[in-house]
Structures are given as C-alpha cells and as structure tokens.
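Peer 1: Have a look at this one before I ask anything.
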Amino acid sequence: MGNLEREIVWLGHPGNTIDLRLKSNDSYVDLIGVQTITLNFSGITLTSTNSTAQVVTWAKAGYLTGEVRINLGSQSTLISGEYDCRMVVYDLGDTAGVVWGDSIPLLVKSEVEV
C-alpha cells in the first residue's frame with residue numbers, strides 16, 4: 247500500500263468508503279481465497295468475512311483485482327481522533343494472517359464541517 251495519505255472517516259456517513267488495492271511483487275493480489283480481514287487500531291479489532299454489510303469487503307462483482315473497500319462511517323465503536331490502522335488478511339494458506347503493508351492513517355470526524 248505504501249505511504250498513504252490520512253483518510254477521513256465521517257461518522258454517521260456509511261456511504262463514504264476507503265478503496266484500496268493490495269499488491270505483492272508489483273502485481274495486484276487475487277483475493278478470492280481470502281476468508282477474513284481484520285482492521286486493528288487503538289485496542290479495537292473489526293473483523294469482516296466479506297458479507298455485504300461488514301466493515302471490509304473484497305472480491306465482489308464490479309471490484310478490481312486486489313480491491314478492498316473499507317466502510318467505517320457506521321461504526322459505533324469509533325470516536326473522533328487520529329488512528330493508525332493495521333489490516334490483517336487471512337486465507338487457508340495464512341491462517342495466522344498477514345499484516346498487509348504499512349498502517350492506514352485515519353482521521354475520524356463526528357460532524358461534517360461547514
């Protein structure tokens with residue numbers, strides 16, 4: 247993922263997503279075999295198994311190879327602040343999980359600024 251800009255998460259606005267594409271050795275990674283992805287930050291772990299209503303989705307119709315969409319706007323466990331989030335990807339070959347790249351810098355805001 248490389249050095250990412252801080253992503254803004256607006257609480258109460260679940261339509262805003264963070265869209266990332268995962269690469270390994272300069273190629274986008276096929277995520278079909280991925281079973282679980284977790285996001286970990288500040289003592290919080292959010293676990294997704296690729297259900298449509300979950301925080302992280304991947305390998306869905308219309309997604310690009312390696313594309314992951316993160317939707318944190320409806321998370322009641324988050325409060326305003328800056329976070330550095332780690333993504334861990336689990337599949338049959340990596341049941342202990344692979345910590346994917348650098349952290350994802352987040353800025354969580356509770357209100358839309360005018």
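In terms of our numbering, the sequence shown is residues 247 to 360. By construction, the Cβ of each residue, glycine as well, lies at the ideal position given by its N, Cα and C atoms.
Less than 8 Å between the C-beta atoms of Ile316 and Ile254, yes or no?
Peer 2: No; because the gap between Cβ atoms is not below 8 Å, this pair is not in contact.
Peer 1: If you run the structure through DSSP and keep just helix, strand and coil, what is Tyr309?
Peer 2: It is coil, neither helix nor strand.
Peer 1: In its own chain, which residues sit with a C-beta less than 6 Å from the C-beta of Leu352, not counting the 5 before and 5 after it?
Peer 2: Contacts found: Glu253, Val255, Tyr329 and Cys331.
Peer 1: Where does Thr323 land, buried or exposed, given buried means 16+ other C-beta within 10 angstroms?
Peer 2: So Thr323 counts as exposed.
Peer 1: Between Gly327 and the rest of its own chain, which residues show a CB-CB distance below 7 Å, the 5 nearest in sequence each way excluded?
Peer 2: Result list for Gly327: Val354, in chain order.
Peer 1: Give a yes or no on whether the C-beta atoms belonging to Ile283 and Val334 are separated by under 8 Å.
Peer 2: Yes. Within cutoff.
Peer 1: For Leu266, tell me which candidate among His259, Val275, Pro260 and Gly258 has the shortest Cα-Cα distance.
Peer 2: The candidate whose alpha carbon is nearest that of Leu266 is Val275.
Peer 1: Do the CB positions of Tyr336 and Val280 come within less than 8 Å of each other?
Peer 2: Yes, the Cβ-Cβ distance between Tyr336 and Val280 is below 8 Å.
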